[in-house]
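Participant: Got a structure for you, questions after.
Numbering (the numbering used here), first residue to last: 35 to 460.
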């Protein structure tokens, strides 16, 4: 029988200090492991946008010791869909989500969430040894047999476990798979920007965004533009502007999702665009919607891509986590949530005393627990964007909501761990 009470912590290297990498660092330090994070960025500038934090994600954040108040989030009490011509739309009331799933659905700014995760990961007073973070570090390769990382300065870092949390354009992924893979274009992109809420004050026609209850995300949908063509000739909702408040209501996050006519392989993944381009693209929208667009500044056009289903997430003692394994579209608001669940599951399967010789089997259990669920969400995020009959299914289907938001990843992972221990004892 494996002795899980041995006190030796694992040495873990996490490549990537984004939201999912920091989540993994917190979860693993709380198990008593020695966590080292390697991050290529210096985090000197504040970049980012809003993101959804649904109930299953809030629950996991609380479980990691995060203070939800520090997210400066805004409760998402409803989703209101409106037509681009200003005609009335449909409202999906979300006030019962808190009761149904134990936590609210909130909207946050990515930087505020990142700051809170960073605080909890590095806090010397937190549970377990604080994670060690190295910024401006460029990883060039990974030796899965030796469980080592090579850096651009030719130094080599060894570990008992390596976690590739380095995003959709992951370096670690090709070493786990043993080959390079393409992340194919989806043909979908989004104009995104943030506008200070105070900039809306002089315009009563914009009161509907943050003053008209119930407050929550607003979706403004429109068919293809009159000069655009679709393969099937149908007029479907090919343009959607998503609007919600974050940062305690002081910032308005806007994302204009649309079919991208560009060759996405020949343009940047996130490029600045002018307000004139934005206004031209949504020129047929009602004046009260265009008023918001006229306040837009620092606009970027963001390509949305989805990681295809991978052959595996694991190789020896190296694993993938978050967007490196299953990047999705923001359609369901579960991109970060799935990566956070990965982190919680991985740590739960590696309690203090786990032997290095058992790490490979624990990673097999990790992949078995996480891969199907995360890939299901990624697939649904793409299909519910592209297939007209599936649009909005997530909010219309109680069964799908329960499957995604009612899931308790910590309980499921602990159950798998006990099954592993029991089977080893027999």
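In this text, a Cβ means the ideal position worked out from N, Cα and C, and glycines have one as well. These figures come from a predicted structure and were not determined experimentally.
Let me make sure I understand the geometry here. Which of 315, 275 and 394 has the alpha-carbon closest to that of residue 251?
Facilitator: The residue with the shortest Cα to Cα distance from residue 251 is 275.
Participant: Between the C-alpha atoms of residue 437 and residue 421, what's the straight-line distance to the nearest angstrom?
Facilitator: Residue 437 and residue 421: Cα-Cα distance of roughly 21 Å.
Participant: Helix, strand or coil: which one does DSSP assign to residue 281?
Facilitator: Residue 281: coil per DSSP, three-state reduction.
Participant: Pull up the distance between the alpha-carbon of residue 350 and that of residue 291, whole angstroms please.
Facilitator: Spanning the two alpha carbons is a distance of roughly 39 Å.
Participant: Rounded to whole angstroms, what's the CA-CA distance from residue 462 to residue 288? Just pull it up for me.
Facilitator: Missing from the structure shown is residue 462; the chain here goes from 35 to 460 and no further.
Participant: So, helix, strand or coil for residue 210, using DSSP?
Facilitator: Three-state result, residue 210: helix.
Participant: So, helix, strand or coil for residue 419, using DSSP?
Facilitator: If DSSP states are grouped into helix, strand and coil, residue 419 belongs with the helices.
Participant: Just the C-alpha distance for residue 285 and residue 106, rounded to the nearest angstrom, thanks.
Facilitator: Each residue's alpha carbon lies about 11 Å from the other.
Participant: With distances taken Cα to Cα, identify the nearest neighbour of residue 201 among 372, 433, 407 and 392.
Facilitator: Out of 372, 433, 407 and 392, 372 has the C-alpha closest to the C-alpha of residue 201.
Participant: Tell me, please, which residues DSSP counts as bridged to residue 125.
Facilitator: 114.
Participant: Measuring CB to CB, does residue 355 end up less than 8 Å from residue 54?
Facilitator: Yes, the pair counts as a contact, with Cβ atoms nearer than the cut-off.
Participant: Please return the same chain residues whose Cβ sits closer than 8 Å to the Cβ of residue 441, not counting the five positions on each side in sequence.
Facilitator: Correct list, in chain order: 90, 375 and 407.
Participant: Is residue 412 closer than 8 Å to residue 340 when the C-beta atoms are compared?
Facilitator: Contact: yes.
Participant: Compute the distance between the beta-carbons of residue 103 and residue 281, then report whether it is under 8 Å.
Facilitator: No, the pair does not count as a contact, with Cβ atoms beyond the cut-off.
Participant: Return the chain-ordered list of same chain residues with a C-beta closer than 6 Å to the C-beta of residue 209, the five sequence neighbours on each side being excluded.
Facilitator: The residues are 176 and 178.
Participant: Contact defined as beta carbons within less than 8 Å: I believe residue 101 pairs with residue 159. What is the distance between those atoms, to the nearest angstrom?
Facilitator: Actually they are not in contact, since the Cβ atoms of residue 101 and residue 159 sit about 13 Å apart, beyond 8 Å.
Participant: Could you give the distance in angstroms between the alpha-carbon of residue 66 and the alpha-carbon of residue 56?
Facilitator: Cα to Cα, residue 66 sits roughly 15 Å from residue 56.
Participant: Spatial neighbours of residue 439 within its chain, please: CB distance less than 6 Å, with the 5 preceding and 5 following residues excluded, ordered by chain position.
Facilitator: For residue 439, where only same-chain residues beyond five positions count, the Cβ hits under 6 Å are 88, 89, 90 and 135.
Participant: Whose C-alpha, out of 328, 317 and 305, is nearest the C-alpha of residue 334?
Facilitator: Looking at the Cα atoms, 305 is the closest of the given residues.
Participant: Quick one, are the C-beta atoms of residue 174 and residue 184 less than 8 Å apart?
Facilitator: In contact: residue 174 and residue 184 (Cβ atoms closer than 8 Å).
Participant: What first and last residue would you give for the beta strand (DSSP E) that runs through residue 392?
Facilitator: Where residue 392 is concerned, there is no enclosing beta strand (DSSP E), given that its DSSP letter is neither H nor E.
Participant: Buried or exposed for residue 456, going by 16 or more other Cβ atoms inside 10 Å?
Facilitator: Answer is exposed; the Cβ neighbour count stays below 16.
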